[in-house]
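Participant: Those sequence lines, one after another, are chains A and B. Per my numbering, residue 522 is the first one in the first sequence, and the count goes up by one each step. Per my numbering, residue 114 is the first one in the second sequence, and the count goes up by one each step. All C-beta atoms, glycine included, are put in the ideal place defined by N, C-alpha and C. None of the values given here were measured: they were computed from a predicted structure.
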Amino acid sequence: MIHAQHLSYSLGGRTLLQPQTICVRPGELVAVAGANGAGKSTLLKLLSRDLAPTSGTIQLNRQALSAYPARDLAKCRAVLTQQNTLSFPFSIYELVMMGRYPHFDHQPTGQDLAVVDYVLHQTDLAHMTHRSVLSLSGGEQQRVFLARVMAQLIDYHELTHPESDSLMPKFLLLDEPTTGLDLYYQHALLQQARQLTRRGYGVVAILHDLNLVMQYADQVLLLHQGQSLAFGPPATALTPYTIRQAFGLDVQIIEQPALDYPIVIPITRQPHYQPLNA
Amino acid sequence: MLANATTERPAQAPLPPRVHATPAAKGRWLLGGLAAGLVVTILCSVGVGALPIPVSGVVAILMKQLGIATGAVDAQQETILLVIRLPRILLGVLVGAVLSMAGASIQGLFRNPLADPGLIGISSGASLMAVVMIVLQINLFTGLSALSGLYALSLAAFTGATGATLLVYFLSRQGGRTVVSTMLLVGIAVNVLCEACRGLLVYLADDTQLRAISFWSLGSLGGATREILSVAGPFLLIPLLLLPRLGRSLNAFTLGESQAGHLGVHVGRLKGSVILLTTLGVGVAVSVSGMIGFVGLVVPHLIRQMAGADNRLVLPASGLLGAIILTLADLLARTLVAPAELPIGIITGMAGAPVFLSILLKNRSQSHA
């Protein structure tokens, strides 16, 4: 489990993240939501060890995050970042294989090849493995990067025994993973993440679409100016009141009898569009 | 994918079908082919010159050196081969391999296929110090020994290369980390300063010195001797042996610095190693052969065209192809206007630019298709 206690971060006298205590348990999908500049990416960078916290501690599987050797850490937590710019013509296969780098030294083993094959099938990429990543659209590239982080975490024995829990809980940190994806793949990605949580993975995802949060997250952390407005199950944490505080936007939350999650609809109070010659 | 996520999986899931056979096979063919090509290139070019030696003669002389007598050996041919041609060709092989492999590594470090070791000051620093030696006629080393006096120019160039690069390296450190984008900007500034100082010295130089400067700036392997080879060879071999080991980390580095860190790569150590090894290699290469342009830029491009971007393959393959290309370029340099010699930089530039342009145009037509 990831346990962050009294975590805060300041840079140049500005506090980007107020002290907060967060817990991500194995099997949970924790969404982080909030306006631009609310501190979501800062939080994710602290959890992924890109930044060192100004105060507070982070423990991963009962061990201090800062004490992990880089390669051990790479085997139990993977990060999908926002900016992924490439300038070299790696093939999809080579790029997904990079996810296995923490697992082998010189040449990939048969297990590494099997994991990469499995992930390529899971992410609908198996038919185009030889294509250069540079020739892909932004959304397709995002799928390849997701495949890479999945390949980084999945163990070979999970393929052969999908029902058995992995020994050490593993964590996936996703920074706006649905950026650039079409409607189908936004949901496919989150279902993929849900499938991983059923296997005992913990997932932290920064999400902008509150309806995706309602539908897929177990917990949501709503941030506003570096402070936590609410932390809990989406149906209780996301209310018209907290959403208004976080985004300055009025919303209506509609319960749908046919669905087991509510729907968030923004209410705009702008004057209606009027034709020019009216 | 949507359907997959919701269906229950059996306890013993069948493994997915293999996507394709091991990708390493293609790489082994390419490396094997290039290595064979290099051997053939060396054996053939060693025989060409004012006194032609047939390949059979070359093989016989080399066998004799290994202690295997295969027949009569012409004594004159043997001397020319062992004292003049072989040291020069081996130096060309090492210099070509180092320039190309260093180019590929620096491109990986800057995450930019157009980067060049010159960006971090190696070439301009070497060039400045060489011009200082030529123009000010500093004979610091003559007092020590005649031998080191002979190599004063090489030593000065190497000092300049490492000095400028270390300056760039330390100026671009922030809070104990080297910031690659800052290094690029600091490199530009240091390059401009070195070029300005060099310009001042060129302005002061007389006609003989100008000729020496321009010949040095265009590069030549004409100064190769057994002594130079034995001094410079080991320093050129170190980066050639160590850089290919960084291929996997450099692959991860192309994703971005933090992304490479997430994959367990020690990013700081990687940056330090690449900078140290390229500076050593290119610094020594420039000091023994002057400025040989374009090899480090074009050769990795050619390899990526043939075999993709995997640095585990690009680094060794660039080394081999660079060795072949520089050996052939030097063959032209010493035979085209014999008994005179052309600077080798003219040949690599004239042949490299069209090749580079054709790659660019081919890529453009592909991206429009």
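(1) Tell me the rounded alpha-carbon separation between B/A188 and B/I202.
(2) Do you know offhand how far A/Y802's Cα is from A/L550's?
(3) Could you please give the first and the last residue of the uninterrupted alpha helix (DSSP H) stretch that includes B/R339?
(4) Residues of chain A with CB closer than 7 Å to the CB of B/G289, please, in chain order.
(5) Hey, B/V206 and B/T440: beta-carbon distance below 9 Å or not?
(6) Between which two residues does the alpha helix (DSSP H) holding A/L655 run?
(7) Residues of chain B with a CB under 7 Å from the CB of A/E549: which are they?
(8) Against chain A, with Cβ distances strictly below 9 Å, would B/V378 count as a contact?
(9) Please list, in chain order, the chain B residues whose beta carbon lies closer than 7 Å to that of A/V600.
(10) Would you give the residue range spanned by the alpha helix (DSSP H) that B/D443 belongs to?
(11) For A/T606 and chain B, any beta-carbon pair shorter than 9 Å?
(12) Please report how far the alpha carbon of A/I675 lies from the alpha carbon of A/T681, in whole angstroms.
(13) Can you grab the Cα-Cα spacing for the pair A/A672 / A/P761, in whole Å?
(14) In chain order, what residues of the same chain have a beta carbon less than 7 Å from the beta carbon of A/L702, not counting five sequence neighbours either side?
(15) Which two residues bound the contiguous alpha helix (DSSP H) that contains A/H524?
(16) Can you find at least 3 beta carbon pairs, one from the stretch 407 to 415 of chain B and one from the stretch 332 to 344 of chain B, that sit closer than 8 Å?
(17) Span of the alpha helix (DSSP H) holding A/R720?
(18) Note down, in chain order, all residues in the stretch 615 to 628 of chain A with a beta-carbon under 7 Å from any beta-carbon belonging to chain B.
(19) Flag this pair as yes or no: are the beta carbons of B/M296 and B/A274 separated by less than 9 Å?
(20) Interface residues of chain B around A/L594 at Cβ under 8 Å?
(21) For B/S161, which residues in the same chain have their Cβ closer than 8 Å to its Cβ, ignoring the five residues on either side in sequence?
(22) List in chain order: all unbroken alpha helix (DSSP H) runs of 4+ residues lying wholly within the stretch 550 to 631 of chain A.
(23) Is there a Cβ of chain B sitting closer than 9 Å to that of A/D730, yes or no?
(24) Can you list, in chain order, the residues of its chain whose CB lies under 7 Å from that of B/S285, leaving out five sequence neighbours each side?
(25) Which residues in the same chain as A/M735 place their Cβ atom closer than 8 Å to its Cβ, once the five residues preceding and following it in sequence are excluded?
(26) Does A/G533 pass the burial test, meaning 16 or more other C-beta atoms within 10 Å, or should it be called exposed?
(27) When the Cβ atoms of the stretch 217 to 225 of chain B are set against those of the stretch 354 to 371 of chain B, are three or more pairs found closer than 8 Å?
(28) Just checking: is the beta-carbon of B/A259 within a distance shorter than 9 Å of some beta-carbon in chain A?
(29) Could you compute how far the alpha carbon of B/I301 sits from the alpha carbon of B/S400?
(30) What separation, rounded to the nearest whole angstrom, lies between the Cα atoms of A/R570 and A/V725?
(31) Checking contacts by CB at 9 Å: is A/Q662 closer than that to chain B?
(32) Starting from A/P787 and walking both ways along the alpha helix (DSSP H), at which residues does that stretch end?
(33) Chain A beta carbons: is any one of them nearer than 9 Å to that of B/Q372?
(34) For my contact list, A/L565 and A/I727 are in at a C-beta cut-off of 8 Å; report their separation, rounded to the angstrom.
(35) Quick one: residues in its chain with C-beta nearer than 6 Å to the C-beta of B/V380, no 5 flanking neighbours on either side, listed in chain order?
Facilitator: Per the coordinate set shown:
(1) Distance between the alpha carbons of B/A188 and B/I202 is about 20 Å.
(2) The requested residue 802 of chain A does not occur in the structure, where chain A is confined to residues 522 to 799.
(3) R339 to L355
(4) By Cβ distance, chain A contributes nothing, its closest Cβ being about 12 Å from B/G289, past 7 Å.
(5) In contact: B/V206 and B/T440 (Cβ atoms closer than 9 Å).
(6) Neither: A/L655 is in no alpha helix (DSSP H) and is coded neither H nor E.
(7) Those within 7 Å of A/E549 in chain B number zero; the least Cβ separation is about 17 Å.
(8) yes
(9) H375
(10) Note, B/D443: alpha helix (DSSP H), N424 to T448.
(11) Taking Cβ atoms only, chain B reaches closer than 9 Å to A/T606, which makes this a yes.
(12) 11 Å
(13) 39 Å
(14) G660, Q663 and L710
(15) Segment I523 to L532 is the beta strand (DSSP E) holding A/H524; no alpha helix (DSSP H) there.
(16) no
(17) Counting along the chain, A/R720 falls outside any alpha helix (DSSP H), and DSSP gives it neither H nor E.
(18) E615, M619, Y622, P623 and Q628
(19) no
(20) G377
(21) With the sequence shown as reference, residue 161 of chain B is identified as Val, and Ser is not the correct amino acid for it. Cβ-Cβ distances below 8 Å link B/V161 to L444 and T448 in the same chain, with the five nearest sequence neighbours on each side left out; the list follows chain order.
(22) 561 to 568, 591 to 597 and 613 to 619
(23) no
(24) Excluding residues within five positions, the ones whose Cβ falls inside 7 Å are T291, V292, T295, M296 and V299.
(25) P755, A756, L759, Y782, P783, I784 and V785
(26) exposed
(27) yes
(28) A caution first: B/A259 carries a pLDDT of 47, below 50, which makes its placement in the model too unreliable to give a value.
(29) 21 Å
(30) 14 Å
(31) no
(32) That residue, A/P787, is in no alpha helix (DSSP H); its beta strand (DSSP E) goes I784 to P787.
(33) yes
(34) 6 Å
(35) Excluding residues within five positions, the ones whose Cβ falls inside 6 Å are E370, A373 and G374.
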